[in-house]
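Asks:
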Amino acid sequence: MISGSSAFSKSSFSSGTLSTRSNPLNLFVTSTFLHCKGKKFTDFDEVRHEIEAETDRVTGMNKGISSIPINLRVYSPHVLNLTLIDLPGITKVPVGDQPPDIEYQIREMIMQFITRENCLILAVTPANTDLANSDALKLAKEVDPQGEYDLRDPGIEFKSPTLQENSLPL
């Protein structure tokens with residue numbers, strides 16, 4: 001699961017675009033969407049556009065939210081069969097058509113996925129953010145308090161002083 005302080009569903013394909021829907025991605029160089037039966041996508045710009053259009057269709061044009069996932073499959077003979085669920089970041093202050101309890105609703109949506117027994121959590125936090133203030137790491141620690149499933153490679157050298165100073169185990 002991908003969770004962080006900003007939303008990533010659309011931004012995986014388009015920088016700077018905010019998403020408010022989860023986006024499961026099965027990594028198997030053709031793409032298909034569950035909601036577009038029989039249509040194959042070979043251009044990631046078309047994939048990005050379809051993610052944006054489907055999000056707007058379900059959530060409206062004013063930053064509404066939905067826990068209904070967008071199911072996208074990417075087929076490739078070069079990768080493992082893996083399901084990636086790209087979750088929205090936690091919104092603290094509602095904007096547009098978002099409900100007053102937006103933070104709670106997104107937190108519950110994230111918890112619905114990351115509490116699954118077979119889930120690996122990729123907690124995304126900006127490199128210039130103090131990891132002690134990371135919502136994604138806080139949620140990961142709630143689900144895995146002992147850090148038993150910390151998959152960080154101890155051989156990785158951090159080039160950024162910010163990362164070196166703020167490296168925290170789950």
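Under full-length UniProt numbering, think of the first position of the sequence shown as 1, with each following residue one higher.
Glycine residues also receive a C-beta, built at the ideal position from the N, C-alpha and C atoms.
1. Between Ala140, Ile65, Arg57, which lies nearest to Ser100 when the distance is taken from Cα to Cα?
2. Do we get a CB-CB distance below 8 Å when we pair Gln112 with the residues of chain C?
3. Apply the 10 Å Cβ neighbour rule to Leu34 and answer buried if 16 or more other Cβ atoms are within range, or exposed otherwise.
4. Can the beta-carbon of Glu54 be found closer than 8 Å to that of Phe41?
5. Which value, in whole angstroms, describes the spacing of the CA atoms of Ile110 and Thr32?
6. Which residue from Arg73, His78, Asn128, Asp144 puts its Cα closest to that of Leu122?
7. Short check: CB of Ile90 to CB of Asp135, under 8 Å?
8. Just how far apart, CA to CA, sit Gly60 and Gln98?
9. Using CA atoms only, rank isn't needed, just tell me which of Thr83, Lys63, Val58, Val79 is closest to Arg116.
10. I'd like to confirm the pairing. Which residues does DSSP put opposite Ser31 in its beta bridges?
11. How far does the alpha helix (DSSP H) with Ala140 in it reach, from first residue to last?
12. Check whether the Cβ atoms of Ile70 and Phe113 lie closer than 8 Å to each other.
Replies: If we stick to the structure as given:
1. Along the sequence shown, one-based indexing puts residue 100 at 100. It is worth fixing the name first, because residue 100 is Pro in this sequence and not Ser. The shortest C-alpha separation from Pro100 is found at Ile65.
2. Looking for chain C here will not work: only one protein chain is present.
3. Within the sequence shown, numbered from 1, the residue matching residue 34 stands at position 34. By the 10 Å Cβ count, Leu34 comes out exposed.
4. Taking the first residue of the sequence shown as 1, we reach residue 54 at position 54. Taking the first residue of the sequence shown as 1, we reach residue 41 at position 41. Contact: no.
5. Locating residue 110 in the sequence shown gives position 110, counting from the first residue. Locating residue 32 in the sequence shown gives position 32, counting from the first residue. Cα-Cα distance, rounded: 24 Å.
6. In the sequence shown, the residue the question calls residue 122 occupies position 122. Of the candidates Arg73, His78, Asn128, Asp144, the one whose C-alpha sits nearest the C-alpha of Leu122 is Asp144.
7. For the purposes of this step, residue 90 is taken as the residue at position 90 of the sequence shown. For the purposes of this step, residue 135 is taken as the residue at position 135 of the sequence shown. A contact, by the Cβ cut-off of 8 Å.
8. Walking along the sequence shown from the start, residue 60 turns up at place 60. Walking along the sequence shown from the start, residue 98 turns up at place 98. Rounded to whole angstroms, Gly60 to Gln98 spans 10 Å at the Cα level.
9. For the purposes of this step, residue 116 is taken as residue 116 along the sequence shown, with counting starting at 1. Arg116 has its Cα closest to that of Thr83, out of Thr83, Lys63, Val58, Val79.
10. As a position in the sequence shown, residue 31 is number 31, starting the count at 1. Per DSSP, Phe41, Val74.
11. Counting from one through the sequence shown, the residue named residue 140 turns up at place 140. Residues 135-143.
12. Locating residue 70 in the sequence shown gives position 70, where the first residue counts as 1. Locating residue 113 in the sequence shown gives position 113, where the first residue counts as 1. No.
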